[in-house]
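Scroll down for the structure; my scribbles are underneath it.
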Amino acid sequence: MTMRKVSAAVLIAASSLFAVGGALAAAPTAAVTMGTKTDVPAFATLHPMIGKWAPADILALDTAKSIKVYDTKTLYSASDASQVASAESSASTNVTALRSAINANADLKAWFAKEKIDVNRVIGLENQNGNVSVFLY
């Protein structure tokens with residue numbers, strides 16, 4: 005990664021942290037379930053979500069009705085998992101900013117640790133009417 009990309013990631017994370025840091029009322033309270041092969045979105049659906057996020061996506065965890073975690077390394081075929089890896093690499097600046105924003109909020113970081121979700125594997129979040137999906141790679 006070039007210094008320019010690292011600097012951009014830091015700037016994006018810093019601006020995102022201003023909007024997210026401290027805004028979470030508390031750690032999420034919704035039950036966490038693991039996604040399965042039968043309900044994981046197709047790679048074509050996931051691909052545009054990798055690295056795409058806004059502070060509202062993180063804040064949605066606070067009021068989520070449900071939170072489902074999808075481990076794409078185990079749920080996708082080898083071919084699709086390889087495509088996820090490539091997409092994560094292409095969106096690395098935004099993925100790094102997402103992870104930095106999560107880590108910057110102490111309550112949220114503690115919640116991820118309690119739920120045994122490795123923030124360093126988070127590649128995307130999606131909120132569908134209070135049902136939040138967390139995607140890992």
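Okay, so the sequence shown: first residue is 5 according to the numbering used here, each after it adds one.
Note that CB positions come from ideal geometry on N, CA and C, so glycine has one too.
Check the C-beta distance from residue 138 over to residue 54 and give it rounded, since I have them as a contact under 8 angstroms. Mapped onto the sequence shown, residue 138 falls at position 134. Mapped onto the sequence shown, residue 54 falls at position 50. At roughly 12 angstroms, the Cβ-Cβ gap does not stay under 8 angstroms, so residue 138 and residue 54 are not in contact.
Would you call the segment 98-113 and the segment 35-46 touching, i.e. three or more CB-CB distances under 8 angstroms? no
What are the start and end residues of the alpha helix (DSSP H) that includes residue 90? Position 86 of the sequence shown, counted from the start, is the residue given in the question as residue 90. That run of the alpha helix (DSSP H) goes 82-94.
Hey, quick one: how far does the beta strand (DSSP E) through residue 37 stretch, first residue to last? In the sequence shown, residue 37 corresponds to position 33, counting from 1. Looking at the DSSP string, the run of the beta strand (DSSP E) that includes residue 37 is 36-38.
Pick out whichever of 35, 97, 101 and 91 has its Cα sitting closest to the Cα of residue 62. Here residue 62 is taken as the residue at index 58 of the sequence shown, counted from 1. Ranking 35, 97, 101 and 91 by Cα distance to residue 62 puts 101 first.
Residue from 118, 80, 68 and 87 with nearest C-alpha to residue 132: One-based indexing of the sequence shown puts residue 132 at position 128. Answer by Cα proximity: 68.
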